[in-house]
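What follows is a single structure, written as structure tokens, with notes after it.
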Amino acid sequence: MPKRTDISTVLIIGAGPIVIGQACEFDYSGTQACKALRQEGYRVVLVNSNPATIMTDPEMADATYVEPITPEVVAKIIEKERHVVPGGFALLPTMGGQTALNTALSLRKMGVLEKLDVTMIGATAEAIDKAEDRELFREAMKKIGLDIPKSFLANASDLKQADRERYLAELARIDAATDSPAEKAAKRAKFEREWAAGEEERKKRYVHGALGEALIALAEIGLPAIIRPSFTLAGTGGGIAYDLDEFIEIVRGGLDASPTNEVLVEESVLGWKEFEMEVVRDKNDNCIIVCSIENLDPMGVHTGDSITIAPALTLTDKEYQVMRDASIAVLREIGVETGGSNVQFAVNPADGRLVVIEMNPRVSRSSALASKATGFPIAKVAAKLAVGYTLDEIANDITGGATPASFEPTIDYVVTKIPRFAFEKFPGAEPLLTTSMKSVGEAMAIGRSFQESLQKALRSLETGLTGLDEVVIEGIGDGDDKNAIRAALGRPTPDRLLKVAQAMRLGASDEEIFRSCRFDPWFLAQIRGIVDTEAEVKAKGLPTTPGALRRLKAMGFSDARLGALTGLSADAVTQRRRALGVRPVYKRIDTCAAEFASPTAYMYSTYEAPFAGEPADEAAPSDRKKVIILGGGPNRIGQGIEFDYCCCHACFALKDVGFETIMVNCNPETVSTDYDTSDRLYFEPLTAEDVLEIVATEQSAGTLHGVIVQFGGQTPLKLAEPLEKAKVPILGTSPDAIDLAEDRDRFKRLLEKLGLRQPKNGIAYSVEQSRLVAAELGLPFVVRPSYVLGGRAMAIIRNQEQFDDYLLGTLPSLVPSDVKARYPNDKTGQINTVLGKNPLLFDRYLSDAIEIDVDCLADGKDTFIAGIMQHIEEAGVHSGDSACSLPPYGLAPETLAELERQTRAMALALEVGGLMNVQYALKDGEIYVLEVNPRASRTVPFVAKVIGIPVAKIASRVMAGESLASFGLTPPKLDHVGVKEAVFPFARFPGVDTLLGPEMRSTGEVMGIDRSYEIAFAKSQIGGGARLPRAGTVFVAVRDVDKPRILESVKLLSELGFRVIATSGTQRYLQEHGVPAEKVNKVLEGRPHIVDAIKNGEVQLVFNTTSGTRAISDSRSLRRAALLHKVPYYTTLSGAVAAALGIRAYLAGDLEVRTLQSYFPDRVS
1006 MPKRTDISTV LIIGAGPIVI GQACEFDYSG TQACKALRQE GYRVVLVNSN PATIMTDPEM
1066 ADATYVEPIT PEVVAKIIEK ERHVVPGGFA LLPTMGGQTA LNTALSLRKM GVLEKLDVTM
1126 IGATAEAIDK AEDRELFREA MKKIGLDIPK SFLANASDLK QADRERYLAE LARIDAATDS
1186 PAEKAAKRAK FEREWAAGEE ERKKRYVHGA LGEALIALAE IGLPAIIRPS FTLAGTGGGI
1246 AYDLDEFIEI VRGGLDASPT NEVLVEESVL GWKEFEMEVV RDKNDNCIIV CSIENLDPMG
1306 VHTGDSITIA PALTLTDKEY QVMRDASIAV LREIGVETGG SNVQFAVNPA DGRLVVIEMN
1366 PRVSRSSALA SKATGFPIAK VAAKLAVGYT LDEIANDITG GATPASFEPT IDYVVTKIPR
1426 FAFEKFPGAE PLLTTSMKSV GEAMAIGRSF QESLQKALRS LETGLTGLDE VVIEGIGDGD
1486 DKNAIRAALG RPTPDRLLKV AQAMRLGASD EEIFRSCRFD PWFLAQIRGI VDTEAEVKAK
1546 GLPTTPGALR RLKAMGFSDA RLGALTGLSA DAVTQRRRAL GVRPVYKRID TCAAEFASPT
1606 AYMYSTYEAP FAGEPADEAA PSDRKKVIIL GGGPNRIGQG IEFDYCCCHA CFALKDVGFE
1666 TIMVNCNPET VSTDYDTSDR LYFEPLTAED VLEIVATEQS AGTLHGVIVQ FGGQTPLKLA
1726 EPLEKAKVPI LGTSPDAIDL AEDRDRFKRL LEKLGLRQPK NGIAYSVEQS RLVAAELGLP
1786 FVVRPSYVLG GRAMAIIRNQ EQFDDYLLGT LPSLVPSDVK ARYPNDKTGQ INTVLGKNPL
1846 LFDRYLSDAI EIDVDCLADG KDTFIAGIMQ HIEEAGVHSG DSACSLPPYG LAPETLAELE
1906 RQTRAMALAL EVGGLMNVQY ALKDGEIYVL EVNPRASRTV PFVAKVIGIP VAKIASRVMA
1966 GESLASFGLT PPKLDHVGVK EAVFPFARFP GVDTLLGPEM RSTGEVMGID RSYEIAFAKS
2026 QIGGGARLPR AGTVFVAVRD VDKPRILESV KLLSELGFRV IATSGTQRYL QEHGVPAEKV
2086 NKVLEGRPHI VDAIKNGEVQ LVFNTTSGTR AISDSRSLRR AALLHKVPYY TTLSGAVAAA
2146 LGIRAYLAGD LEVRTLQSYF PDRVS
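The C-terminal position of the sequence shown is numbered 2170 in our numbering, with every residue numbered one higher than the one before it.
As structure tokens, then:
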């Protein structure tokens, strides 16, 4: 059937900032949807608050709103866009994760969709409700005869119903009165205000009532019990309760996290096998299973935190068909008629009982994985189905249209996804995996066997693994090894797979291991095969025949792993392997198991054995002039979507000027690994071995112009040295210049030569030297390892005790497993080995300095200052965690001129070709250079969005040889302000302090853009999830040094009608300076105290600055309470001042929404 002609405009709601459970897979989905709908002639309107996304590039949609994703803001956008062109207006809510679904449902409940005649496409509100509401979903499954775990809903429905009836009765009473229409309207408005003011109090009643219902449910279900909140993301607020106290704590958290204040209390199916089905259905009831996915970890670990394998490998054909039929039945019953959904199942390995766990009526994290695993673009197809097409009418791009989308994908390889965690960023968080997702990224690998796929995925993680590396199991050697193994394998931790392999090396049987971890016996047999082969290689050495060596490589062994097993270097293994002619071949992802030829160059490597002659290589490199772009690998804190954005822009820009673009990456979430972003895509680990094999393949035909290592963060930079050693041309800034900027001694000499100032600093190559440097610098100082990203293990040291903890507590976490194995009982020896190559860097800490970021473009002759950003938090907070303003909001013209001069001097001295980022500190009028990064920085997408210039695209072309002058760039004259704010995952990690410091801990960012700094800041806060209050109580507790500087802000809030409460010292100071303030107890002063007030909903805003170990510890519970109860809190003086100004601007009038395009009417992409 033809596409719908009754609609002309489609609004796509994005997912907002990158958070745990909702990452850049939704940029991939949204970008696909934008492209697909515009190709069909629809006008596309997009709203997303995340500037680091490709989908928010102005050319992706006809109207792009980088605005907070709240129902109120989206309603304004709909009002503004509804009649821009004639025809119907549709809302597509299935491309932006839980954020978009919840926003769409709120718009419907507010009556906005009905009032403005907006059609919801992709999924109906009824279908979303039925899938997301735990009670409705349970009833739906019962109706179609599918088994579900025994469960009870706790939601205080009687209280909610009584309140609803009271609300409607009062409205009816007002309407029935004999008052004039104006009087009725006034009474109605007054009642609505009073009703809204009582929202928090009603919510407390609902939570209390639902908790009672949950306890009644627990009596039926027993412990352990699973708690699943409704309408939340990636298990937020949920968990597994093993005792009553834990149950009450998790239920309270779940009720608070659920926007409808309801949780499902469910029987435990811990240890059961978990499967997922990715299903697509069209309006004619054509259904296909795109991909089946099996979790290696059993039930009890969130699927986003589990190692997953596609296709499912341990189901019989009959079991698969039963699950397939059940998946389709679920979509039909829920009512998903035009798009993709993910259905999750659990299977009891003891008796085969199959239960449905849940379904997502939208594209999801698993959809992105399934799309990359099969080559079937689920989001693109779902977008076309949403506007009326059927599966048989949509061509399969991968096969060049030889097959329609109704062909169910068939794959002849195995895909493994392994999540990447960041527990090291959150001291105090237990590295335990539960039903609430905690991973921050993932790597995917493809091989011809599970073993090959698994080992490739392990080295793709970039955590130092070369395969199933040896690890230490705690308690081994203490006299009870069996119990030590049982305890280690019984706890779901990020490294449990490695512990399984280690247990095998220590003599544990597969049966013993299965009883502890519940990994399917088939997978254990495969892991056993790898471990046994390792032992054989250790005993016999590296094979000397091509066939024997190829068999090892076909099992996924890297050259580095074989080197570790045989005592050889990785380079030596590579040389021997190549001398024997053992090289990988490349296969294409074609959706059809080679049944049809695929013109799409989407490839993976394998070492399959030759069956008739040489193994078939499908790479077919072209004879064109080509550029290889190395991606960033799995997302992690410090290296995320911002770097993928730059890689994508390199692909787009170089394609436009005639280069063949070749992308190498292993992250299934990203736009860069979409098959149509680059001309050729290699889904491969980013290791020297894997990348050099790709280079050799591509150099066999055509001309390799060069490799771009500047855009993917630290990952490709680490490959610059082996690439240069192999005489591979590297585009842009030379590896030597990049190293000069990282090498503290060389960089210090450069700055001295240029006459630029640095904070007093030092460098240490051992623990002993560290103590000497620290004594010479004096306290306080900043210490960090060299060659790291995201401030890894960076700290501000204020006393000797902190420094001792750093040396003996923090630094050991940086020691790789092979070094630990070399010095098993010598911590100092381990650390000194690491510091010998990557020394510690010390800087005198500049307290209360202003930090500044500068991004620039250079080509060795000319420079262009793209953006000078002033941090809102003071120096000492990692730049990735600090809010920042572009243009700066408080720097003198002469300071700006000097910053530009210094930046140009360094860019020319380093002979930068492409992008460069400099971080400065401004203290007492003096400028200090903190660090220089001659590469893409995480601020590039934000700068590009604010100034309207695609800096990453220009940088790519400069790196490829064009002059900067040829672009005719002029300094941007901005009559608007952009504010970037960081978003944090603290709620996922109980026990972690939320105080910001020099180590980056944010997962994502949002942008506020407006004509005024205050409104832009307010938008950034709302976009990041902070509910900026319009009234209520502000709590203030600040250091003595901050009291005079925060006075005006607190006075402003008081004048705006806020009640002020404060701790004794701050309250006394405020009172003495004319600000009415009431005293409240600190936690240590007895109850009722400030934490009680926050928990009781009596505080709407927190200003709390602190320093010193004791003070920080004392105020920790305060910050935690504010976080859990969603009270905006500011732990820096500058943040508090900005918040007060933002609230004033917020109260002065409604937030205006404007398209990004309207800020730059003359922009050319």
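Cβ atoms here follow ideal geometry from the backbone N, Cα and C, with glycine treated the same way.
For residue i, collect the residues of the same chain with a Cβ closer than 6 Å to its Cβ; drop the 5 residues on either side in sequence, then sort them by chain order.
i: R2159; result: none
i: G1345; result: V1285, V1368, S1372, I1383 and A1387
i: V1882; result: L2001
i: K2180; result: Absent from the model: residue 2180. The displayed extent of the chain is 1006 to 2170, so no value can be given.
i: V1778; result: G1767, A1769 and F1847
i: K1985; result: C1889, F1947, E2010 and M2012
i: I1481; result: A1489
Between the Cα of residue i and the Cα atoms of the options, which residue gives the shortest distance?
i: A1109; options: V1090, G1093, T1129 and T1014; result: T1129
i: C1522; options: G1046, Y2151, T2038 and L1275; result: L1275
i: A1530; options: V1542, K1543 and E1516; result: E1516
i: Y1933; options: K1288, M1799 and N1766; result: N1766
i: Y1607; options: S1677, K2024, H2078 and L1567; result: S1677
i: A1391; options: T1099, I1018 and A1246; result: T1099
i: V1700; options: R1337, K1950, V2096 and V1590; result: V1590
i: C1029; options: I1018, A1450 and N1055; result: N1055
i: V1578; options: T1313, A1400 and A1693; result: A1693
i: A1800; options: V1787, L1812, Q1875 and K1195; result: V1787
i: N2101; options: T1014, K1208 and R1009; result: K1208
i: Q1924; options: Q1907, E1916 and L1915; result: Q1907
Here's the rule I'm using: 16 or more other beta-carbon atoms within 10 Å means buried, otherwise exposed. How should residue i be labelled?
i: H1213; result: exposed
i: P1829; result: exposed
i: S1818; result: exposed
i: I1221; result: exposed
i: Y1687; result: buried
i: L2184; result: Any property of residue 2184 remains undetermined from this structure, which presents the chain solely from 1006 to 2170.
i: H1088; result: exposed
i: G1918; result: buried
i: V1090; result: exposed
i: I1012; result: buried
i: Y1247; result: exposed
i: D1864; result: buried
If I measure Cβ to Cβ from residue i and keep anything under 7 Å in the same chain, skipping five residues before and after, which residues do I get?
i: V2169; result: In this prediction, V2169 has a pLDDT of 48, which is less than 50 and means its spatial position is unreliable; nothing more can be read from the coordinates.
i: Q1835; result: P1817, V1820, V1824, K1825 and Y1828
i: S2112; result: R2044
i: I1399; result: V1386, K1389, P1409 and A1410
i: Q1704; result: none
(request) Write down every uninterrupted run of the beta strand (DSSP E) in the stretch 1362-1413 whose length is 3 residues or greater and which is fully enclosed by it, in chain order. (result) none
(request) Spell out a yes or no on whether the stretch 1498-1516 and the stretch 1447-1457 are touching, meaning 3 or more CB-CB pairs, one atom from each, closer than 8 Å. (result) no
(message) With three or more C-beta pairs closer than 8 Å as the rule, is the stretch 2054-2067 touching the stretch 2024-2038?
(response) yes
(request) Give, in chain order, every unbroken run of the beta strand (DSSP E) that is at least 3 residues long and sits entirely within the stretch 1777-1856. (result) 1786-1790, 1800-1802 and 1845-1849
(request) Starting from the N-terminal side, write out each stretch of the alpha helix (DSSP H) that is 4 residues or longer and does not extend beyond the stretch 2026-2109. (result) 2048-2060, 2069-2077 and 2095-2100
(request) Ignoring anything shorter than 4 residues or poking outside the stretch 1069-1145, list the alpha helix (DSSP H) runs there in chain order. (result) 1076-1086, 1102-1114, 1117-1120 and 1130-1137
(message) Three Cβ pairs or more, each shorter than 8 Å: is that satisfied between the stretch 1415-1428 and the stretch 1030-1044?
(response) Per the Cβ contact rule, the stretch 1415-1428 is not in contact with the stretch 1030-1044 (fewer than 3 Cβ pairs under 8 Å).
(request) Examine the Cβ distances between the stretch 1664-1671 and the stretch 1623-1633 and report whether three or more of them are shorter than 8 Å. (result) Pairwise C-beta distances place the stretch 1664-1671 in contact with the stretch 1623-1633, as three or more of them are shorter than 8 Å.
(request) Give a yes or no on contact between the stretch 1647-1661 and the stretch 1669-1676, applying the rule of three or more CB pairs nearer than 8 Å. (result) Taking one beta carbon from each stretch, the stretch 1647-1661 and the stretch 1669-1676 have 3 or more pairs nearer than 8 Å; the two touch.
(request) Give a yes or no on contact between the stretch 1889-1899 and the stretch 1721-1740, applying the rule of three or more CB pairs nearer than 8 Å. (result) no
(request) Count the CB pairs spanning the stretch 1851-1858 and the stretch 1493-1503 that are closer than 8 Å, and state whether there are at least three. (result) No, the stretch 1851-1858 is not in contact with the stretch 1493-1503.
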